[in-house]
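Enquirer: Just so you know, the protein sequences line up as chains A and B, in that order.
Just so we're aligned, residue 35 is where the first sequence starts under our numbering, counting upward by one.
Just so we're aligned, residue 77 is where the second sequence starts under our numbering, counting upward by one.
Every residue gets a Cβ at the ideal spot worked out from N, C-alpha and C, and that includes glycine.
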Amino acid sequence: DAGITQSPRYKITETGRQVTLMCHQTWSHSYMFWYRQDLGHGLRLIYYSAAADITDKGEVPDGYVVSRSKTENFPLTLESATRSQTSVYFCASSDRSGPLAKNIQYFGAGTRLSVL
Amino acid sequence: DQQVKQNSPSLSVQEGRISILNCDYTNSMFDYFLWYKKYPAEGPTFLISISSIKDKNEDGRFTVFLNKSAKHLSLHIVPSQPGDSAVYFCAASANAGNNRKLIWGLGTSLAVNP
Numbered sequence: 035d036a037g038i039t040q041s042p043r044y045k046i047t048e049t050g051r052q053v054t055l056m057c058h059q060t061w062s063h064s065y066m067f068w069y070r071q072d073l074g075h076g077l078r079l080i081y082y083s084a085a086a087d088i089t090d091k092g093e094v095p096d097g098y099v100v101s102r103s104k105t106e107n108f109p110l111t112l113e114s115a116t117r118s119q120t121s122v123y124f125c126a127s128s129d130r131s132g133p134l135a136k137n138i139q140y141f142g143a144g145t146r147l148s149v150l
Numbered sequence: 077d078q079q080v081k082q083n084s085p086s087l088s089v090q091e092g093r094i095s096i097l098n099c100d101y102t103n104s105m106f107d108y109f110l111w112y113k114k115y116p117a118e119g120p121t122f123l124i125s126i127s128s129i130k131d132k133n134e135d136g137r138f139t140v141f142l143n144k145s146a147k148h149l150s151l152h153i154v155p156s157q158p159g160d161s162a163v164y165f166c167a168a169s170a171n172a173g174n175n176r177k178l179i180w181g182l183g184t185s186l187a188v189n190p
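1) Is the beta carbon of Leu79(A) sitting closer than 7 Å to the one on Gln71(A)?
2) Quick check on the DSSP output: what are the complete beta strand (DSSP E) runs of length 3 or more inside the segment 143 to 185 of chain B, in order along the chain?
3) With a threshold of 7 Å between beta-carbons, can Gly136(B) be considered close to chain A, or not?
4) Just tell me which of Lys132(B), Thr121(B), Tyr164(B) has its CA closest to the CA of Tyr108(B).
5) Quick check on the burial criterion: 16 or more other C-beta atoms within 10 angstroms. Buried or exposed for Asn137(A)?
6) Just to confirm the assignment, what range does the beta strand (DSSP E) spanning Gln71(A) have?
7) Let me check one thing: in DSSP terms, what residues is Gln59(A) bridge-paired to?
8) Run the CB neighbour count on Ile88(A), radius 10 Å, all protein chains shown included, and call it buried at 16 or more, exposed below.
9) Please state the DSSP three-state secondary structure of Arg117(A).
10) Closer than 8 Å is the cut-off here; do at least three beta carbon pairs connect the segment 40 to 57 of chain A with the segment 110 to 120 of chain A?
11) Compare the C-beta of Leu186(B) against all C-beta atoms of chain A and say whether one is closer than 7 Å.
12) Taking DSSP's pairing of strands, which residues face Ile126(B) in a bridge?
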């Protein structure tokens, strides 16, 4: 399927477990982003990537790890899940363009993660 | 410190009337502004945007107005339809640095009543 897909859509895990959320895009967009959405906080950036093998921290990176060995994939790993990481996670991608580019980000459908 | 603020958490309007969603920002380096729409259990989808060199952009029923001196933008939906009921996010970016990051408001939940 064309576009940006996240898997799984729903995940329940226990505290201390490692969890990996997957994100795959078919547009060959250079930029990819991970957000979490919580009530009262809107969308908060966890990590982003400008290209394969280039990643950088966002606003709330603690407890998360990312990698980007291929342009199309940007997995997010919770190394030891905590209850505070219960949230809805969104992956997004954006194309690289010139300085007046429209910074439009295209989002996946999200992963709802519950940490018990 | 929130750089993009949507001060109304919710808004309710009648079908056929105008919906006006507001957004304020504090960073004068922002040069591109976007509105996203989000339905429950879906990701946000891009709706309309405006560059800081313009003061208005229109796309069908949706118009975004930018007042740079007031650091304020608004999204007008005319006429409003029940299918417009969703959460609307305002976002801004500064192209200096070219990192494509967006700064997001907390969203406004719009309910359009039949």
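Expert: Checking against the coordinates, here is how it stands:
1) no
2) With a minimum length of 3 residues, the continuous beta strand (DSSP E) runs that stay inside the segment 143 to 185 of chain B are 148 to 153, 162 to 169.
3) no
4) Lys132(B)
5) Looking at its Cβ environment, which holds 16 or more other Cβ atoms inside 10 Å, Asn137(A) is buried.
6) 65 to 72
7) Ile38(A)
8) exposed
9) In the structure shown, Arg117(A) sits in a helix (DSSP, three-state: H, G or I).
10) Cβ pair count under 8 Å is three or more, so yes.
11) no
12) Phe109(B)
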